[in-house]
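Engineer: Under this note's numbering, the first residue of the sequence shown carries the number 6, and numbering increases by one thereafter.
Built from N, CA and C at the ideal position, the CB exists for glycine as well.
Below is a structure I'd like to ask you about.
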Amino acid sequence: MNTNEEIRVLRAAQSDPQAFTPLYAANHALIFRFIHRRTNQRELSADLTQQVFLKALLALPGYEPRGLPLRAWLYRIALNELRMYWRKKKEVVMDLSWAEVRELRAEVGLEEQEEDMLRLTLALSRLPVAKARLIELRYFDGASFAEIGQVMGIAEDAAKMRVHRILRSMRQYLGSRA
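Pasting the structure below:
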């Protein structure tokens with residue numbers, strides 16, 4: 006769905022909740038994967054995904070796109086749902102696969118070997134949660150810096166700068182462990 010079509014459907018959905026269905030269909034799998042990667046529990050991910058869309062639907066009358074795709078707003082709602090869950094459970098999970106981290110591997114100079122996957126997982130696990138979220142959004146979810154900024158509540162330039170600083174520190178960490 007292109008941006009103009011998405012805005013048209015959003016406007017219709019603000020007065021008719023049934024019109025939200027195509028937006029739900031277009032974004033459900035994306036938000037589910039975003040949540041599942043962080044919980045690694047299918048049922049929990051499904052429940053949290055439903056909460057995200059329920060909250061989005063309830064807040065839709067006051068939503069303004071601000072030039073970003075709807076998924077940026079949905080990511081932010083999903084991240085808030087995950088934060089509430091983690092506050093209760095005190096656990097953070099990250100499920101990685103080589104296919105998802107191809108670009109990140111290239112950025113930090115790793116090859117597709119089991120040992121490098123372990124090193125990358127260790128480097129990511131050592132990051133504070135907020136920094137790990139930035140890397141996950143950029144490299145695992147394919148979010149733009151503008152979307153990351155919206156999700157994390159920071160400017161686009163700040164998101165770009167933070168990601169590059171995190172990558173630099175990961176390169177240094179991984180280089181010292183070679």
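#1: Can LEU125 and ILE171 be called in contact, C-beta distance under 8 Å?
#2: Do the stretch 54-70 and the stretch 137-152 touch if we need at least three Cβ pairs shorter than 8 Å?
#3: Have a look at THR44, ASN9 and HIS41 and flag the residue whose alpha-carbon is nearest the alpha-carbon of LEU1.
#4: Applying the criterion that 16 or more other CB atoms from any shown protein chain within 10 Å of the CB defines a buried residue, is PRO74 buried or exposed?
#5: From the DSSP output, in three-state form, read off TRP103 for me.
#6: Where do the N-terminal and C-terminal ends of the alpha helix (DSSP H) with ASN45 fall, by residue?
#7: If I measure Cβ to Cβ from ALA31 and keep anything under 7 Å in the same chain, skipping five residues before and after, which residues do I get?
#8: Is the distance from the Cβ of LEU62 to the Cβ of PHE39 below 8 Å?
#9: In chain order, which continuous runs of the alpha helix (DSSP H) of length 4 or greater are located wholly inside the stretch 115-166?
#10: Could you give the first and the last residue of the continuous alpha helix (DSSP H) run that contains TYR80?
Structural biologist: Taking the structure as given:
#1: Here residue 125 corresponds to residue number 120 of the sequence shown, with the count starting at 1. Here residue 171 corresponds to residue number 166 of the sequence shown, with the count starting at 1. Here LEU125 is not near ILE171, since their CB atoms are 8 Å or more apart.
#2: no
#3: No statement about residue 1 is possible, as the shown extent of the chain runs from 6 to 183 and does not include it.
#4: For this step, residue 74 is matched to residue 69 along the sequence shown. Of the other Cβ atoms in all chains shown, 16 or more fall within 10 Å of the Cβ of PRO74; this residue is therefore buried.
#5: Counting from 1 along the sequence shown, the entry for residue 103 is found at position 98. Residue placement at TRP103 cannot be trusted, given a pLDDT of 49 that sits under 50; what the coordinates show is reported in the next sentence. Correct three-state label for TRP103: coil.
#6: What you label residue 45 is simply residue 40 of the sequence shown in a count that begins at 1. Careful: ASN45 lies outside any alpha helix (DSSP H) and carries neither H nor E.
#7: Locating residue 31 in the sequence shown gives position 26, counting from the first residue. Correct list, in chain order: MET6.
#8: For the purposes of this step, residue 62 is taken as the residue at position 57 of the sequence shown. For the purposes of this step, residue 39 is taken as the residue at position 34 of the sequence shown. Cβ distance not < 8 Å, so LEU62 and PHE39 don't count as in contact.
#9: 119-130, 134-140 and 150-157
#10: As a working mapping, residue 80 is identified with position 75 in the sequence shown. Unbroken alpha helix (DSSP H) run through TYR80: 75-94.
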